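If you read the sequences in order, they're chains X, V and D. Its first residue numbered 1, the first sequence is counted upward by one per residue in our numbering. Its first residue numbered 1001, the second sequence is counted upward by one per residue in our numbering. Its first residue numbered 2001, the third sequence is counted upward by one per residue in our numbering. Idealized CB from N, CA, C, for every residue including glycine. Nothing here was measured: the structure is a model prediction, and the numbers come from that model.
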Amino acid sequence: MELVWQAAVSGVVLGLVYALVALGLSLVWGVMDVVNLAHAEYLMLAMYATYWLWALGKLDPTLAAPVVVPVFFGLGWLTYQLLVRRIVRAPLAAQIFATFGLLFILRYGAFAAFGPNVYGVWRPGEGTVAVLGVPVATSKVVAAAVSLAAFGLLAGFLRYTKTGKALQAAAQNRDVALALGIPVDRMYALSWGVGVASVALAGAFLIPFYQVSPTIGDAFLLLAFASVVLGGFGRVDGALVGGLCIGLLENLLGTLISPTFKFLFVFAAFVAMLLVRPQGLLGDGGR
Amino acid sequence: MNALLEVRGLHAGYDRREVLRGVDLYVRPQEIVVMIGPNGAGKSTLLRTVFGFLRPQQGDVLLAGESIAGLSPPEVLRRGVCYVMQGYSILPNLTVYDNLLLGAYVRRDRRVREDVEAVLDRFPVLRERRREKARVLSGGERRMLELARVLLLSPKLVLLDEPTLGLAPAVVDQVYGMVHELRAQGIAFFVVEQNARTALRNADRAYVLEQGQVRFEGRGEEILQHPEVQRAYLGASLNLPEVPGGKPPPPPQG
Amino acid sequence: MSRTGLWVGLGLAALASLPAWVQDSFLLNAMIHVFLLGAAAQAWNLVGGYAGQVSFGHAAFFGIGAYTAAWLLSRHGVTPWVGLWVGAAVAAGVSLLVGYPTFSLRRHFFALATLALAEIARISFLNWEVVGAAIGLYLPLEYRNRLAYLMWDSKPPYYWTALTVFVLATAVVWVVDRHRAGRYLRAVDQDEDAAEMLGIPTRRYKLYAMGLSASLTAVSGGVYALYVLYIDPYNVMASRISLLVVVIALIGGRGTVWGPVLGAFFIVLLNEYTRAWLGGRGAGTDFILFGLLVVLLSLYQPRGLVGLLARPLRQPQVAVAGAGGDEEEPPRTLPTEEVVLRVRGVQKSFGGVRAVRGVDLEVRRGEILGLVGPNGAGKSTLFDCLTGFARPDGGEASLGGARVLGLPPHRVAWAGLGRTFQGIRVFPDLSVWDNVLCGAEHSREGLWESTLGEAPEPLRRRAEALLRSFGLWEHRHRPAGQLSYGQQKLLSLAMAVLRQPQVVLLDEPAAGVNPVLVEEIGRQIRALNAAGLTFVVIEHNMEFVMRTCHRVAFMAEGRVVTVGRPEEVQRDPRVLELYYGR
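What follows is the structure in structure tokens.
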């Protein structure tokens, strides 16, 4: 029983981090119905950026985040202006391939720049924090806390600011938003910026306990998509619920049944959800 | 003639499909002008083109003498035209209050919240439900919200696309009541309606659109007797039964 | 045709003879990669190019093929001649497991599911002791130099084996492309709903393409294992392989026979040589270029290298032409009293809105029934309910006595109901001729015969006759997307009537068309009716309705208000009130 409780708690902690990774994907999908296959590549790049700031600039990742996040916001905005803007109304195949090409460019750009090696931030003397009686590595707890804060901030932004409401409007009905004078194109660019910035935030806090190499995007893309599908895409809280579910599933089933095949269970849950309720736990059958 | 809105020789459509085939019309300041006609005539396409959702293929749209053809919707909005779309024009998952607030999105002054409160005072039903998500509103309440939103911007012209679709007769009267009130405050209305009789009762002038062209212009319910109008709606003119309060029907045509 | 055949033959001979006059081991190795990855790309082409379902997980099938053949050989001494096909079968099975639940969803979900599959497979194999986990499998060297085991100690025999696999894969795609199956797959890719309505069982064809694709990929993976003699999840199941296969097919030109061939040569050779010259870090730089090319492709030229080379002549928009309008119209038939389509009490609500509230309708054999009414009356929704695109909440409908309500669209089509949609729903990238042939009778078509054979002769004659009478015969080789709006309308009419359904539902056949062509469309409908077809027509163009229809049903607020001869309905006071409002 002790084991199960431990697995559950660390599953929740991990799940919060997954949720933050999934947040940007869900946001962009919900606002403009574009599925960004290159989403996890930004995570990988942010992790590299944070790593190099630590390795070369001796900057602790927690301090590097305020540098990395705004830069990646700009990167997201730029990606929208240069590429995504042209495919928002394009047929699905064009969208899939455009983001797929982007994945290539980012991943192999990283390969060329950093080589295939694995890098990680090493902080000696890092301890654990007791969460509900279970000892969890400090860096993981910090990451989970940052994730919660980010969700809260974003929810607050969307609900209480004029721009946030305008963003919601643009997501709900593009024509009505235009008719109210909302610059929908700018809202889309904003959502891309926020989406990439949030995944960069996740990256900055992942690198202390997860190593980076050019191909980690695969696993994280899978986790992000599974979270979004489970929770319900297009909703900020969907990413949160989905991420938590994935984290829990992975840890609990991995502990109870087999750690080797824990991803298999995640996959099985993902496929099952697609069959039974494709709009996710929180979704309401919109798209 | 000092037209507020003028449409000249307008051709518009989607992809290669031509829907409007040369439309001419005008709306004067503070006028309520209605466009009726059967489905597929192009009424909604006309409004969408005027407001900038579609680019005209040929012809021009003038607002107060200036061409607005090809401008984007936010730009047309800033020039003083509001567009209330068919179906719904509200944001279903935002609260009533937020819907109103966003109605004033283009305003940069500080008086927005004051004005929103003033609007809520005028429409107690909306005040009551201001914290609820707009999607729970009934059809009539939604229209009320949409028209109330217009007040926040003081436009010169409002485009209404089928405002009474799916509404009960009592609510229809309410909606047109508000239209008259707003007109008295200086706003012109260009209304597209399928409900011809109601529209004609409330309009200063009416156009009949069929197959992308204006077939008739006139005023009052009597125009329903005109063979041109009957042909547009029913494919042929015919011997109509007695219309109470109107002129006797013309003798049957060929 | 024989000219291309000549070139292909020459090219093949040149390729086959390469090892005779080139000793460069590096080049031979590169070419083997070209062939095997090219074969995998051709296999991907079937499902990602023709059927339009993009997969990002083909490495899973490649790896399954490699592991199955290798494992059977090294652990059980089973010859690869058997092992390769076992691998193909396993891969096909897995692919169907993934495809079945996801094919009915939007295409993103299938792409994600394949991504998930590949990652799962890789991680699972990485940890699975039975197949060597991270250590991988070594192929036993004692089997070399025996044809029975497909293993050698020099490159040329591998070269020829790989070439054979590549030729095999290309041949399969060529056969599919040339016959009905290829046409149907491309139709499904371009407009799935329209394909369904013509009676094409879309899921069945997609699963078919999927299984075929997975098996061919597995075969190339198996041969690859026999060549490299050592496999692990990194070299046969990495995402790199999935992505490479997609890139080859994309840049070469997906949905074409030669695209993956061109792409394989271009991409793989470039990849091999840059890896050799730049080495280490530089190994990835060509991929950056590929990524850029893919992005550009998605924005500008979707046909890839094949598209660039083919450079189709951009024909000027075909002028609107009626077809022989001066022919005498056949006399109008009198419809019978027999009811062919009986609709009772059909209901459908969306959310809180009751779009259709209990519709009763009887369509008589041989008539043209008009369906008119104001906006929101529920007419198109009724059509959707009858044809399986919407699930009705209640009611029943029978066609010639057999129940049709609640069936999926292709089964409704098989039962004898045809339909056109509002606007235009033809397949823009298929030729006019291919478009029409999609309207064939599909209920008795087997997958095998549709891959190998063409549509039967009587059907082709009927298709030709239809195209001729619609004035489309001289345009039959043009992509349908180049026709004018009105001609596309006529084409969709031809497709709907080709197999002579019992009842044809037309949704606004004359909308958005210039008056000359409206006349023509009306003429054609009346002519088809004279030949025995029954129509139900939704229209707003009242003059058209009056001239064309025997009877008119007036619908408002989700119900049929009245049915009768056009002149009667026109005068009905309820109609006037509902049209003009209160």
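C-beta neighbour in chain X for residue i, strict 7 Å
{"i": "S2239/D", "result": "yes"}
{"i": "E2119/D", "result": "yes"}
{"i": "V1119/V", "result": "no"}
{"i": "V2054/D", "result": "yes"}
{"i": "V2094/D", "result": "no"}
{"i": "Y1083/V", "result": "yes"}
Below-7 Å beta-carbon distance, residue i vs any chain D residue
{"i": "F233/X", "result": "no"}
{"i": "Y48/X", "result": "no"}
{"i": "L1224/V", "result": "yes"}
{"i": "Y188/X", "result": "no"}
{"i": "R1016/V", "result": "yes"}
Cross-chain neighbours of residue i in chain X, by beta carbon under 8 Å
{"i": "L1101/V", "result": "K162, K165"}
{"i": "F1053/V", "result": "D175, L178"}
Cross-chain neighbours of residue i in chain X, by beta carbon under 7 Å
{"i": "V1019/V", "result": "By Cβ distance, chain X contributes nothing, its closest Cβ being about 17 Å from V1019/V, past 7 Å."}
{"i": "P1073/V", "result": "L178, A179"}
{"i": "N1002/V", "result": "The premise fails here: N1002/V is roughly 26 Å from chain X at the closest Cβ pair, so nothing lies under 7 Å."}
Test item: CB-CB of residue i and residue j under 7 Å
{"i": "V136/X", "j": "V142/X", "result": "no"}
{"i": "V2569/D", "j": "V2552/D", "result": "yes"}
{"i": "L2417/D", "j": "L2399/D", "result": "yes"}
{"i": "P2080/D", "j": "A2069/D", "result": "yes"}
{"i": "V241/X", "j": "A144/X", "result": "no"}
{"i": "L42/X", "j": "G2284/D", "result": "The sequence shown places Tyr at residue 42/X, rather than the Leu named in the question. No, the Cβ-Cβ distance between Y42/X and G2284/D is not below 7 Å."}
{"i": "F2061/D", "j": "T2217/D", "result": "yes"}
{"i": "G152/X", "j": "F73/X", "result": "no"}
{"i": "A1148/V", "j": "I1090/V", "result": "no"}
{"i": "V2412/D", "j": "T2387/D", "result": "yes"}
{"i": "A1997/D", "j": "A2039/D", "result": "The shown model of chain D, from 2001 to 2582, leaves out residue 1997/D, and the question about it has no answer."}
{"i": "A22/X", "j": "A224/X", "result": "yes"}
Cutoff 7 Å: residue i Cβ touching any chain V Cβ
{"i": "Q2502/D", "result": "no"}
{"i": "I320/X", "result": "For residue 320/X there is no data in the structure shown, the boundaries of chain X being 1 and 287."}
{"i": "V241/X", "result": "no"}
{"i": "M2197/D", "result": "no"}
{"i": "Q2347/D", "result": "no"}
{"i": "A155/X", "result": "no"}
{"i": "A169/X", "result": "yes"}
{"i": "Q2190/D", "result": "no"}
{"i": "Q2570/D", "result": "yes"}
{"i": "Q172/X", "result": "yes"}
Whole-number beta carbon distance between residue j and residue i, since they are thought to touch under 8 Å
{"i": "L2150/D", "j": "L2226/D", "result": "5 Å"}
{"i": "M2542/D", "j": "L1234/V", "result": "6 Å"}
{"i": "A2184/D", "j": "A2171/D", "result": "The residue asked about is misnamed: residue 2184/D is Tyr in this sequence, not Ala. Between A2171/D and Y2184/D the Cβ distance is about 19 Å, and since that is not below 8 Å, they are no contact."}
{"i": "V68/X", "j": "A268/X", "result": "That belief does not hold up - the Cβ atoms of V68/X and A268/X are roughly 35 Å apart, past 8 Å."}
Amino acids of chain X, ordered along the chain, whose beta-carbon sits closer than 9 Å to that of residue i
{"i": "V1106/V", "result": "L180, G181, I182"}
7 Å Cβ cut-off: residues of chain V touching residue i
{"i": "P2374/D", "result": "N1039, Q1194"}
Residues that residue i contacts on chain D, provided the C-beta gap is smaller than 9 Å
{"i": "Y210/X", "result": "Result: empty, since nearest Cβ-Cβ is about 16 Å, beyond 9 Å."}
Residue i: contacting residues in chain D (beta-carbon distance under 8 Å)
{"i": "G1233/V", "result": "Per the sequence shown, residue 1233/V should be read as Tyr rather than Gly. The contacting residues are M2542, Y2579, Y2580."}
{"i": "L1165/V", "result": "N2375, G2376"}
Chain D residues whose Cβ lies nearer than 7 Å to that of residue i
{"i": "D218/X", "result": "E2119, S2239"}
Neighbour list for residue i in chain V, Cβ cutoff strictly below 9 Å
{"i": "Q2524/D", "result": "Per Cβ cutoff of 9 Å: no residues; Q2524/D is ~19 Å from chain V at best."}
- Query: Which residues, in order along the stretch 267-285 of chain X, keep a beta-carbon less than 8 Å from a beta-carbon of chain D?
  - Reply: Per Cβ criterion, the list reads F267, F270, V271, L274, L275, P278.
- What residues in the stretch 1020-1041 of chain V have a beta carbon less than 7 Å from any beta carbon of chain X? Those would be none; no residue qualifies.
- Query: Listed from N- to C-terminal order along the chain, which residues in the stretch 81-101 of chain X have their beta-carbon within a distance smaller than 9 Å of any beta-carbon of chain V?
  - Reply: Legend: CB atoms of the stretch 81-101 of chain X lying less than 9 Å from CB atoms of chain V are not found in any residue.
- Task: Taking a Cβ distance cut-off of 7 Å, strictly less, list which residues of the stretch 1170-1204 of chain V are near chain D, in chain order.
- Result: Residues are counted here when their Cβ sits less than 7 Å from a Cβ of chain D; for the stretch 1170-1204 of chain V these are Q1194, N1195, A1196, R1197, T1198, given in chain order.
- Taking any Cβ of chain X, which residues in the stretch 2222-2233 of chain D have a Cβ under 9 Å from it, in chain order? Going along the stretch 2222-2233 of chain D in chain order, one finds no residue with a Cβ nearer than 9 Å to chain X.
- Message: Tell me which residues of the stretch 20-35 of chain X have at least one Cβ-Cβ distance to chain D shorter than 7 Å, keeping chain order.
- Response: For the stretch 20-35 of chain X, which is checked against every Cβ of chain D, the residues closer than 7 Å are V35.
- Item | Contact residues within the stretch 2479-2512 of chain D, judged by C-beta distance below 8 Å to chain V | Cβ proximity to chain V below 8 Å picks out S2484, Y2485, E2508, A2511, G2512 from the stretch 2479-2512 of chain D.
- Item | Residues of the stretch 2018-2052 of chain D whose Cβ lies closer than 7 Å to any Cβ of chain V, in chain order | If the cut-off is 7 Å between Cβ atoms, the stretch 2018-2052 of chain D has nothing near chain V.
- Using Cβ-Cβ distances below 8 Å, what residues of the stretch 1119-1140 of chain V are close to chain X? Residues of the stretch 1119-1140 of chain V with a C-beta less than 8 Å from any C-beta of chain X: none at all.
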